[in-house]
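So for the sequence shown, numbering that gives the first Met the number 0 puts the first residue at 0; every next one is plus one.
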Amino acid sequence: MDEGRRLLYWEGSSKKEFDKFPVRVRKNMGVALYVAQLGGTPGAAKTWKGLGPGVYELVDDSHGNAFRAVYVVHIGQAVHVLHAFQKKSKSGIATPQCDVDVVVRRLKRAFARYPHGGRRNDSK
């Protein structure tokens, strides 16, 4: 593996759901996730509000449908895709609570698998 490249982990069913996205959306988000693996912040990334630093949402639209992938960086030395979903909000721009709950639950599980809660312990 490249020295500066982080691993990419798919939490829960996020990869299965991501694979259902239209090809163009998967390609765009795939490139964005690769940028995150290299330590950058993709242009399509928005900060996911309420869960602290390092949690981002990728946003893409296809034929009037909204697609989202939520990921977190800096858990260990990896990028974790927490949730991938087609947004079907009935309340305007708000993300449905069921999708927010999935993100929160998977984030807690990802942190729990690492010593020190997944925080980097670099002495550089």
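We put the CB at the ideal spot given by N, CA and C, even for glycine. Quick caveat: nothing in here was measured; it's all calculated off a predicted structure.
For tyrosine 113, name the three-state secondary structure that DSSP assigns.
-> Here the question's residue 113 lines up with position 114 in the sequence shown. Three-state result, tyrosine 113: coil.
Would you call isoleucine 74 buried or exposed, if buried means 16 or more other Cβ atoms sit within 10 Å of its Cβ?
-> As a working note, residue 74 is residue 75 in the sequence shown. Here isoleucine 74 is buried: its Cβ has 16 or more other Cβ atoms, across all protein chains shown, within 10 Å.
Going straight from the alpha carbon of leucine 7 to that of glutamine 36, what length do you get?
-> Residue mapping note: residue 7 aligns to position 8 of the sequence shown, counting from 1. Residue mapping note: residue 36 aligns to position 37 of the sequence shown, counting from 1. In this structure, the alpha-carbon of leucine 7 lies about 7 Å from that of glutamine 36.
Would you list the residues sitting across from alanine 124 in a DSSP beta bridge?
-> Here the chain covers residues 0 to 123 and nothing more, so residue 124 does not appear.
Residue interval of the beta strand (DSSP E) (run including leucine 32) | Indexing the sequence shown from 1 puts residue 32 at position 33. In the DSSP assignment, leucine 32 falls outside any beta strand (DSSP E) and within the unbroken alpha helix (DSSP H) covering 22 to 36.
Between tryptophan 9 and leucine 106, what straight-line distance do the alpha-carbon atoms span, to the nearest angstrom?
-> Taking the first residue of the sequence shown as position 1, residue 9 is located at position 10. Taking the first residue of the sequence shown as position 1, residue 106 is located at position 107. Tryptophan 9 and leucine 106: Cα-Cα distance of roughly 11 Å.
The segment 42 to 58 / the segment 19 to 34 touching (three or more Cβ pairs under 8 Å) = Segments in contact, yes.
For serine 61, which residues from the same chain have a beta carbon less than 7 Å from its beta carbon, with the 5 sequence-adjacent residues on both sides left out?
-> By 1-based counting over the sequence shown, the position of residue 61 is 62. The answer, listed in chain order, is Pro21, Arg23, Val24.
Delimiting residues of the beta strand (DSSP E) encompassing glutamate 10 | By 1-based counting over the sequence shown, the position of residue 10 is 11. Where glutamate 10 is concerned, there is no enclosing beta strand (DSSP E), because DSSP gives it neither an H nor an E.
In terms of DSSP beta bridges, what is threonine 46 paired with?
-> For the purposes of this step, residue 46 is identified with residue 47 of the sequence shown, where counting begins at 1. DSSP lists Tyr55 as the bridge partner or partners of threonine 46.
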